[in-house]
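Numbering (the UniProt record's numbering), first residue to last: 1 to 332.
Quick reminder that beta carbons are idealized off the backbone N, C-alpha and C, glycines included.
Computed from a prediction, not measured in an experiment: that's the story for all the values here.
A short worksheet on the structure shown next.
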């Protein structure tokens, strides 16, 4: 048997240096690739029509705090319109939050939503996220949300072209609001159907009234899709008015009808689900809480929601944030 020549100490050293150099090169390219990938992905929320005492600014600051707390790899970008005050933008910048100006996107005709008219008309500005072409993947989140757990996996879920991902809307209408459509009843709610199924099962987007909740949307921005959205908003008189019944939410539900990918409720856990669909909800599973209707920052002793445990979660994060921020940044 032929023996291999023994490697000299110099040869061994050269081999080690080469191996280390190779590992370092691979790691460099891996890091560069990961950095490049991260720079093309972002969380996005909207700040619009902000007054000096507007609670949504506080909501964004606390939302961002929870994102940092759960160790997300991706930054938060705040898009804002001409209605925003400079003082609010200054607070965001001092907090290290990226901001981007967008033109207002308002319907071409007056849409009457009753007491919700101002709020619903502002919601159309959310649709500007489809125009953020500098990003490959965007996850839009409403500013009245908090993160309980890391949800970065939303940036990696596969999306077909011409599709978005979102959670179902709860259409139970538990507060019996008279102006809601008559088909908004528990039997048409995806969560009613799901709560009696295995927790891992998802109800398809074709169920019931086929409505998504636009509080969280996973999308890949592209000009073609934004062009279709823009046309519907700017020429809304040409289309059935029913697709605008719930502003951008019903519009997206129609434009992506039977094409949007349903997400588990844990990524858009409407606070009302905790009681309305108690069998479905699990505090330990929830990743993102969505404070629809009354907001935690509006809590008062005469407010029914002030006793809501989910509001206590928000206030706990708010307290932590205020304790850690410097005096120059704090906005209560």
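Note to self: Taking the alpha-carbon of residue 43 as reference, which of 89, 104, 145 has the nearest alpha-carbon?
What the structure shows: Ranked by Cα distance from residue 43, the first of 89, 104, 145 is 145.
Notebook entry, point to check: Taking buried to mean at least 16 other C-beta atoms within 10 Å of its own C-beta, is residue 101 buried or exposed?
Noted result: Exposure of residue 101 is indicated by the presence of fewer than 16 other C-beta atoms within 10 angstroms of its C-beta.
Check: Cα separation between residue 28 and residue 108?
Finding: The pLDDT assigned to residue 28 is 48, lower than 50, so where the model puts this residue is not dependable; a value taken from the coordinates is nonetheless given after this. The alpha-carbon atoms of residue 28 and residue 108 are separated by roughly 51 Å.
Next item on the list: Using alpha carbons as the reference points, say which of 39, 83, 58 lies closest to residue 138.
Entry: 39
Check: Where does residue 99 fall in DSSP's three states?
Finding: strand
Checklist line | Terminal residues of the alpha helix (DSSP H) in which residue 309 lies | finding: 309-324
Note to self: Any contact between the segment 241-253 and the segment 203-212? By contact I mean 3 or more CB pairs, one from each, below 8 Å.
What the structure shows: Contact between the segment 241-253 and the segment 203-212 is present, because at least three Cβ pairs lie under 8 Å.
Checklist line | Three-pair Cβ contact test at 8 Å for the segment 125-136 versus the segment 89-105 | finding: yes
Checklist line | Inside the segment 201-285 only - alpha helix (DSSP H) runs reaching at least 4 residues | finding: 223-234, 247-255, 273-276, all fully within the segment 201-285.
Note to self: Going by C-alpha to C-alpha distance, which of 243, 71, 271, 287 sits closest to residue 296?
What the structure shows: 271
Next item on the list: List the whole-angstrom C-beta distance separating residue 78 from residue 92, where the pair is believed to meet the contact cut-off of C-beta under 8 Å.
Entry: Confirmed, Cβ separation roughly 6 Å.
Next item on the list: Taking residue 263 as the reference, give the member of 97, 83, 158, 58 with the closest Cα.
Entry: 158
Item checked: C-alpha distance - residue 324 paired with residue 89, whole-angstrom precision -> 20 Å
Item checked: Beta-carbon spacing of residue 84, residue 47 below 8 Å -> yes
Checklist line | Nonlocal neighbours in the same chain, by C-beta distance under 8 Å from residue 244, ignoring five residues either side | finding: 107, 111, 236, 250, 251
Next item on the list: Pick helix, strand or coil for residue 25, following the three-state DSSP scheme.
Entry: Unreliable placement is indicated for residue 25, whose pLDDT of 48 sits below 50; no coordinate value is reported for it.
Checklist line | Endpoints, beta strand (DSSP E) assigned at residue 45 | finding: Residues 41-47.
Note to self: If you measure between the beta carbons of residue 147 and residue 287, is that distance less than 8 Å?
What the structure shows: yes
Checklist line | Extent of the continuous alpha helix (DSSP H) run through residue 91 | finding: 86-94
Notebook entry, point to check: First and last residue of the alpha helix (DSSP H) that includes residue 60?
Noted result: 55-69
Margin query: What does the alpha-carbon distance come out to for the pair residue 98 and residue 187?
Written below: In a straight line, the C-alpha of residue 98 is about 42 Å away from that of residue 187.
Notebook entry, point to check: What residues in its chain sit with their C-beta under 6 Å from that of residue 314, if we drop five residues either side in the sequence?
Noted result: 146, 296
Item checked: Same chain, Cβ closer than 8 Å to residue 33, five either side skipped, listed in chain order -> For residue 33, the pLDDT reaches just 49, beneath the cut-off of 50, and the residue's location in the model is therefore unreliable, leaving the point undetermined.
Next item on the list: Could you check the C-alpha separation between residue 76 and residue 312 for me, to the nearest Å?
Entry: For residue 76 and residue 312, the gap between their C-alpha atoms comes out near 24 Å.
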